[in-house]
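Numbered according to UniProt numbering, the sequence shown terminates at residue 289, and the numbering increases by one at each position without gaps.
Even glycine gets a Cβ: it sits at the ideal position worked out from N, Cα and C.
A short write-up of the structure that comes next.
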Amino acid sequence: METLLKRFQSFKPPTLTGIENAIDCENWLEDIEQLFEALDYTDDRRVKLIVHQLHGLGKSWWIATKKALENQGTVITWAVFRTAFYQRFFPVSYRKDKGAEFANLRQGQLNIEEYVAKFTSLLKFSPHVAISDEAQADQFINGLNPNVFTLVNTGRPNTFADALNRAKGAEAGLLRQRRAQFVPAASKSAQENPQIPPPPRFDAGSSGSGKKNFFKGKGKQLKRSGTSSSFSSNEFKQLGTGQKFGDYCTKCGGKHNTEQCRGVFGLCRICNQPGHFARIFPQRGAGNS
Numbered sequence: 001m002e003t004l005l006k007r008f009q010s011f012k013p014p015t016l017t018g019i020e021n022a023i024d025c026e027n028w029l030e031d032i033e034q035l036f037e038a039l040d041y042t043d044d045r046r047v048k049l050i051v052h053q054l055h056g057l058g059k060s061w062w063i064a065t066k067k068a069l070e071n072q073g074t075v076i077t078w079a080v081f082r083t084a085f086y087q088r089f090f091p092v093s094y095r096k097d098k099g100a101e102f103a104n105l106r107q108g109q110l111n112i113e114e115y116v117a118k119f120t121s122l123l124k125f126s127p128h129v130a131i132s133d134e135a136q137a138d139q140f141i142n143g144l145n146p147n148v149f150t151l152v153n154t155g156r157p158n159t160f161a162d163a164l165n166r167a168k169g170a171e172a173g174l175l176r177q178r179r180a181q182f183v184p185a186a187s188k189s190a191q192e193n194p195q196i197p198p199p200p201r202f203d204a205g206s207s208g209s210g211k212k213n214f215f216k217g218k219g220k221q222l223k224r225s226g227t228s229s230s231f232s233s234n235e236f237k238q239l240g241t242g243q244k245f246g247d248y249c250t251k252c253g254g255k256h257n258t259e260q261c262r263g264v265f266g267l268c269r270i271c272n273q274p275g276h277f278a279r280i281f282p283q284r285g286a287g288n289s
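In structure tokens form, the structure reads like this:
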């Protein structure tokens with residue numbers, strides 16, 4: 001026994017304290033069973049070795065349970081241990097909750113790999129599905145998202161492996177389709193609305209025939225609000241070298257903004273007094289007489 005125990009523990013098997021949650025307890029049991037099967041250990045060896053992997057509450061529970069079973073005349077086998085272990089660490093209420101979770105499992109926001117991992121972890125809580133490959137395939141397909149379900153359900157597969165392969169292929173195809181349809185907003189806008197060069201604009205400070213045509217007839221009078229005036233040659237030269245047309249008064253034609261024109265307020269531009277305008281300035285007539 002000492003040699004058997006030493007060899008077994010050389011593989012560093014996991015231990016259980018009894019305070020772990022249900023999932024951790026089940027994972028522990030599965031790891032232990034995998035090691036037993038790899039070493040080809042009989043039920044008798046498994047029962048003898050398992051007590052060495054239990055500590056704390058876990059060990060106290062098994063010693064008490066084993067003694068009670070033996071007092072009832074029960075022969076302790078590995079199957080007996082597993083049944084007692086599940087009754088203690090996997091209560092019926094927990095198994096029912098997990099079974100309901102499996103029955104209602106849907107892919108949702110999960111990708112296929114994540115969905116199948118969740119599906120597999122809950123499968124053991126639904127024995128009537130776990131024992132049938134076709135039932136597993138049906139349950140798996142029914143939980144797929146609609147777009148994947150439609151592709152997989154065509155010629156509905158009868159095995160879980162076939163259903164899984166089809167689901168992976170459908171997911172990959174849908175992903176390629178979305179990528180092909182995606183066009184960056186900037187590129188799409190450029191394709192739909194190509195840039196059309198704007199018509200040439202006249203720049204008052206530029207040279208060329210445009211400026212000449214613009215100033216053709218520059219000596220003509222501009223009429224604004226019933227008042228007339230004319231631009232001098234020098235004023236047009238200033239406009240041609242960068243002076244904006246809007247800088248000239250639309251009231252009197254002077255080189256100032258319209259809102260600054262004294263004439264707007266009925267004032268003479270010479271004496272800044274009301275009652276007359278510069279063209280009939282009284283003192284101008286007196287000076288000439």
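Asked: If you reduce the DSSP assignment to three classes, tell me which class L16 lands in.; Found: strand
Asked: What's the gap between the Cα of residue 290 and the Cα of A68?; Found: This structure gives no information on residue 290, because the portion of the chain shown stretches from 1 to 289.
Asked: What is the DSSP secondary structure of F146, reduced to helix, strand or coil?; Found: What sits at residue 146 in the sequence shown is Pro, not Phe. Note: P146 maps to helix in three-state DSSP.
Asked: Please identify the residue among D24, L49, K12, N257 whose C-alpha is closest to the C-alpha of T77.; Found: L49
Asked: Which of the three DSSP states, helix, strand or coil, is assigned to P274?; Found: strand
Asked: Mind listing, in chain order, the continuous alpha helix (DSSP H) runs of no fewer than 4 residues lying wholly within the region 102-141?; Found: 112-123, 127-130
Asked: Using the Cα positions of I63 and E70, report the straight-line distance between them to the nearest angstrom.; Found: 11 Å
Asked: Just list the residues that DSSP pairs L54 with in beta bridges.; Found: L16
Asked: How is G99 classed by DSSP in three states: helix, strand or coil?; Found: helix
Asked: Does the pairing of the region 108-115 with the region 89-96 give three or more beta-carbon distances under 8 Å?; Found: no
Asked: Looking only at its own chain, which residues have a Cβ that is under 6 Å from the Cβ of F8, when we skip the five neighbours before and after it?; Found: L49
Asked: To the nearest angstrom, how far is it from the Cα of G18 to the Cα of S60?; Found: 9 Å
Asked: Quick one: is V51 buried, meaning 16 or more other Cβ sit within 10 Å of its Cβ, or exposed?; Found: exposed
Asked: With 16 other CB atoms within 10 Å as the buried threshold, where does N145 fall?; Found: buried
Asked: Under 9 Å, do L105 and G143 count as touching if we go by C-beta distance?; Found: yes
Asked: In the DSSP assignment, find the alpha helix (DSSP H) that holds Q87 and state where it starts and stops.; Found: 78-89
Asked: For G73, which three-state DSSP category applies?; Found: coil
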